[in-house]
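**Student:**
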Amino acid sequence: MNRRSLISAALAGVAVFVTATASVAADWPKRPINLVVPYKAGGGTDAYARAISAAAADVLDVPVVVVNKPGSGGLNGANSVVGARPDGYTMMMTSGGSFLLSTMTRDTKIDALESFEFVAQVGKLQTSLMVPKDSPFQTVQDVIDAAQANPGSLRWAHSGRGGFHFVGGLGFLANNNIEAQDVPFKGGGPTRAALIGSQADFGFLGVQQLAGFEDNLRALAVNSAERDSIMTEVPAFGELGIPFAAVSSPVIVFAPKGTPAEVITAMEAALAEIAAKPEFAELLAKRGTGPVYANGADAKAGLTAMKADAAPLVAGLTK
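In terms of this note's numbering, the sequence shown opens at residue 28 and continues consecutively.
Take a look at the structure:
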């Protein structure tokens, strides 16, 4: 084959690819959309995904199917999506803060900011310090005093090393000059169950995990300067004057790199409509959370800023 024939063949291949991509975008969606959640069922991110699935019924013409793929701090699920066909039928909803921190603290080729297309943010998760309901600790200061009196004697639960609950807990320990033994569990649901079963003295888990379990758990403080907008009865570290690391997590929907822009735009618009539905807010309120929407560009900007803020914190806390 001569040079001219090679060029013609290459151009023909490009034309076929562009035409196929345009066709995918024009027909989307025509079959169910798999929304991968890289955590076990029962956690905060999973709650958002299932609320999206339920509220999408009259917004999208096809079902949104939640697929849980837990493991490796959320990276197992991310790896399954990063290599998926970029046709708009496989996306990932994840805890943006945990995902970012996992890519910063683990050996992975995935870049939280560059390996995927950002679709939209639909919520926000905040970690909190909780204890079993029958715990002798009535206040955050009680926990600090006990840890200082017997360094390393207390056990604290979280949903996995490298996640934002873990980093939030480490920040609390470091900023208050205390030591405690961390006990990781696979996801928010198992962490809550372990704390209810008194397998740890305290835990750092999403404040929304308290909803429906008020007879089993007691939240002592939210890891932020101000109270959570939904779980308003729980005080914040900031108002209590307790030093803490300001770590939270936007709930973001990602798509494989190369997904057609028209598909991203369509899904972004669908998520904006879903997030504005009273039904979506009602579903989340039952789980102690609420909608917090941002478009893909703003979601990426927020996570980019978080990476800059988290870099020195991660470096200091993981030495």
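Ideal Cβ placement from N, Cα and C applies to all residues, glycine included.
Quick check on S80: buried or exposed, where buried means 16 or more other Cβ atoms within 10 Å of its Cβ?
**Tutor:** Residue 80 sits at position 53 when you count from the first residue of the sequence shown. Answer is buried; the Cβ neighbour count reaches 16.
**Student:** Measure the CB-CB distance between R314 and A76 and report whether it falls below 8 Å.
**Tutor:** Looking up residue 314 in the sequence shown gives position 287. Looking up residue 76 in the sequence shown gives position 49. Going by C-beta atoms, R314 is not nearer than 8 Å to A76.
**Student:** Just how far apart, CA to CA, sit L181 and F191?
**Tutor:** Counted from its first residue, the sequence shown places residue 181 at position 154. Counted from its first residue, the sequence shown places residue 191 at position 164. Answer to the nearest angstrom: the Cα atoms are 20 Å apart.
**Student:** Among L330, G150, A220, D114, whose alpha-carbon lies nearest the alpha-carbon of G285?
**Tutor:** The count along the sequence shown starts at 1 and reaches residue 285 at position 258. For the residues L330, G150, A220, D114, the minimum Cα distance to G285 belongs to D114.
**Student:** F229 to G196, Cα distance in whole Å?
**Tutor:** For the purposes of this step, residue 229 is identified with residue 202 of the sequence shown, where counting begins at 1. For the purposes of this step, residue 196 is identified with residue 169 of the sequence shown, where counting begins at 1. Taking the straight line from one Cα to the other gives about 10 Å.
**Student:** Can you give me the C-alpha to C-alpha distance between T48 and F143, rounded to a whole angstrom?
**Tutor:** Taking the first residue of the sequence shown as 1, we reach residue 48 at position 21. Taking the first residue of the sequence shown as 1, we reach residue 143 at position 116. Because T48 sits at a pLDDT of 47, beneath the cut-off of 50, its placement in the model cannot be relied upon, and the following sentence gives the value as read from the coordinates. About 17 Å.
**Student:** Let's see if you can read the secondary structure: which residues bound the alpha helix (DSSP H) around R245?
**Tutor:** In the sequence shown, the residue the question calls residue 245 occupies position 218. That residue, R245, is in no alpha helix (DSSP H); its beta strand (DSSP E) goes 244–249.
**Student:** What three-state label does DSSP hand E241 in the structure shown?
**Tutor:** Within the sequence shown, residue 241 is the residue found at index 214, counting from 1. Reduced to three states, the DSSP call for E241 is coil.
**Student:** Measuring straight from C-alpha to C-alpha, what distance separates A227 and N106?
**Tutor:** Counting from one through the sequence shown, the residue named residue 227 turns up at place 200. Counting from one through the sequence shown, the residue named residue 106 turns up at place 79. When rounded, the distance between both Cα atoms is 31 Å.
**Student:** Are at least three pairs of beta-carbons, each pair with one atom in the region 270–278 and one in the region 199–212, less than 8 Å apart?
**Tutor:** Touching, per the Cβ criterion.
**Student:** For the alpha helix (DSSP H) containing Q175, name the first residue and the last one.
**Tutor:** Counting from 1 along the sequence shown, the entry for residue 175 is found at position 148. Residues 167–176.
**Student:** If you drop the 5 nearest sequence neighbours on each side, which residues of the same chain put their C-beta closer than 6 Å to that of I279?
**Tutor:** The sequence position of residue 279 within the sequence shown is 252, counting from 1. If we look at I279 and ignore the five residues flanking it on each side, its Cβ neighbours are G123, Q148, A326.
**Student:** Can you check whether the CB of A139 is closer than 8 Å to the CB of F126?
**Tutor:** Position 99 of the sequence shown, counting from 1, holds the residue named residue 126. Position 112 of the sequence shown, counting from 1, holds the residue named residue 139. It is a contact, given that the beta carbons lie within the stated cut-off.
**Student:** Whose C-alpha, out of G239, A338, A282, E266, is nearest the C-alpha of V274?
**Tutor:** In the sequence shown, residue 274 corresponds to position 247, counting from 1. When each option's Cα is compared against that of V274, the closest is A338.
**Student:** Where do the ends of the beta strand (DSSP E) carrying D209 lie?
**Tutor:** Counting from 1 along the sequence shown, the entry for residue 209 is found at position 182. Here the beta strand (DSSP E) through D209 covers 208–211.
**Student:** Given a cut-off of 8 Å, decide if G187 and T316 are closer than it, judged by their beta-carbon atoms.
**Tutor:** As a first step, residue 316 must be located in the sequence shown, where it is residue number 289. As a first step, residue 187 must be located in the sequence shown, where it is residue number 160. Not in contact: T316 and G187 (Cβ atoms no closer than 8 Å).
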